[in-house]
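The opening residue of the sequence shown carries number 5 in my numbering; numbering runs sequentially from there.
Below is one structure, written out as structure tokens, with a few remarks after it.
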Amino acid sequence: MEIRYSNHPQDVKKYDTEELRHHFLIQSLFVPGELKLVYSHNDRFITGSAVPVKEAIKLEADAKDMGAPFFLARRELGIINIGAKGTVKVDGTAYELDNKDCLYVGLGAEEVLFESADAANPAKFYLNSTPAHKQYPTVKAAQKDANPRHLGSIETSNERTIYQYIHEKGIQSCQLVMGLTQLDPGNMWNTMPCHTHERRMEVYLYFDMPENGVVFHMMGQPTETRHIIMRNQEAVISPSWSIHSGVGTAAYTFIWGMAGENQAFDDMDGVPMTEIR
Numbered sequence: 005m006e007i008r009y010s011n012h013p014q015d016v017k018k019y020d021t022e023e024l025r026h027h028f029l030i031q032s033l034f035v036p037g038e039l040k041l042v043y044s045h046n047d048r049f050i051t052g053s054a055v056p057v058k059e060a061i062k063l064e065a066d067a068k069d070m071g072a073p074f075f076l077a078r079r080e081l082g083i084i085n086i087g088a089k090g091t092v093k094v095d096g097t098a099y100e101l102d103n104k105d106c107l108y109v110g111l112g113a114e115e116v117l118f119e120s121a122d123a124a125n126p127a128k129f130y131l132n133s134t135p136a137h138k139q140y141p142t143v144k145a146a147q148k149d150a151n152p153r154h155l156g157s158i159e160t161s162n163e164r165t166i167y168q169y170i171h172e173k174g175i176q177s178c179q180l181v182m183g184l185t186q187l188d189p190g191n192m193w194n195t196m197p198c199h200t201h202e203r204r205m206e207v208y209l210y211f212d213m214p215e216n217g218v219v220f221h222m223m224g225q226p227t228e229t230r231h232i233i234m235r236n237q238e239a240v241i242s243p244s245w246s247i248h249s250g251v252g253t254a255a256y257t258f259i260w261g262m263a264g265e266n267q268a269f270d271d272m273d274g275v276p277m278t279e280i281r
């Protein structure tokens with residue numbers, strides 16, 4: 005498991021392109037036959053992926069990294085499948101996940117196994133995990149079961165639908181909040197006007213992008229913005245002090261996961277367009 009440490013915004017002001025990418029960009033996810041995990045010291049958030057092919061993949065990490073007898077001994081987990089049909093087995097109970105289906109796995113589950121229905125067209129399980137203090141039941145939700153919120157307009161190139169899966173009025177959790185945002189065709193901007201939320205950090209996974217497409221992911225304090233060029237199926241860590249917005253060369257989808265002080269989706273500090281620099 006790769007470890008990423010927290011970064012002070014005054015230090016980030018001095019980073020060049022390679023340093024920004026080294027600290028915040030998560031690449032090489034969704035490798036066939038492998039489990040990938042990145043542990044961030046921002047709210048102890050773990051981002052990862054599992055792409056089972058011929059054999060099942062078990063969710064596990066080095067005992068020293070986890071400091072626990074098994075992965076979910078003191079954690080909860082959110083999973084969204086961005087590939088073909090697959091199955092997640094939680095302590096022997098199987099949950100089939102189609103593309104964009106979500107599964108929440110609560111504290112205390114001892115064995116989590118990932119399988120693909122077709123090795124030639126595997127599932128791609130995207131994982132978000134946070135510390136947990138209470139056990140909530142394992143729950144599956146298809147995209148049609150998520151809470152949709154329609155935002156933006158074609159005039160501002162940000163017409164999109166936010167699908168909330170794990171949230172206050174949906175799948176219950178200790179602190180993990182998770183969902184996805186899908187831009188309508190012809191729209192390129194997300195989360196602009198931008199905001200920060202000092203009480204929560206966030207991780208974005210950009211996907212459903214064309215092979216030659218990119219997203220310019222905006223980050224940094226509102227008056228000290230930077231950008232990271234992102235490609236299909238790459239993720240980015242967004243600290244609580246940073247904006248998190250992006251513009252692409254074509255429409256795309258992204259999964260957002262949050263952790264921190266509370267689960268209130270609208271608890272954010274808006275940034276007036278006149279102040280961003």
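Backbone N, C-alpha and C define an ideal beta-carbon position, used for all residues, glycine too.
G264 places its beta carbon less than 8 angstroms from that of R204.
Boundaries of the alpha helix (DSSP H) around T21: 21-28.
Taken through DSSP and simplified to helix, strand or coil, T160 comes out as helix. Secondary structure of Q176 (DSSP, three-state): coil. Ranking M222, I241, G90 by CA distance to the CA of I30 puts I241 first.
In the structure shown, the three-state DSSP call for P152 is strand. Under a 10 Å Cβ-count criterion, L155 is classified as exposed, with fewer than 16 other Cβ atoms of the shown protein chains found around its own Cβ. When the beta-carbon positions are compared, F34 and Q237 come within less than 8 angstroms of each other. In the DSSP annotation of this structure, the continuous segment of the beta strand (DSSP E) that includes P135 starts and ends at 129-135. Excluding the 5 residues flanking it on each side, P13 has same chain C-beta neighbours closer than 8 angstroms at G224, Q225, E228, P243, W245, S246, in chain order.
Bounds of any beta strand (DSSP E) do not take in M196, whose DSSP letter is neither H nor E. Three or more pairs of CB atoms, one per stretch, sit closer than 8 angstroms, so the region 80-94 contacts the region 115-124. With respect to the 8 angstroms criterion, L76 and L111 are classified as neighbours on the basis of their beta carbons. In this structure, I50 sits away from S161, with a CB-CB distance that is not shorter than 8 angstroms. Excluding five sequence positions before and after F28, the CB atoms of its chain that fall closer than 6 angstroms to its own CB belong to V240, I241, given in chain order.
Across the structure, M234 and L63 are spaced so that their CA atoms are roughly 27 angstroms apart. When the Cα atoms are used, M272 and L39 turn out to be separated by approximately 33 angstroms. A check of alpha carbon separations from F211 across M182, D270, A254, I175 identifies A254 as the nearest. Restricted to the region 229-255, not a single alpha helix (DSSP H) segment is unbroken, complete and at least 4 residues in length.
If you ignore the 5 residues before and after H26, its C-beta comes within less than 8 angstroms of no other C-beta in its own chain.
For V35, no alpha helix (DSSP H) run applies, since DSSP gives it neither H nor E. Annotation: the continuous beta strand (DSSP E) that includes M222 extends over 219-223.
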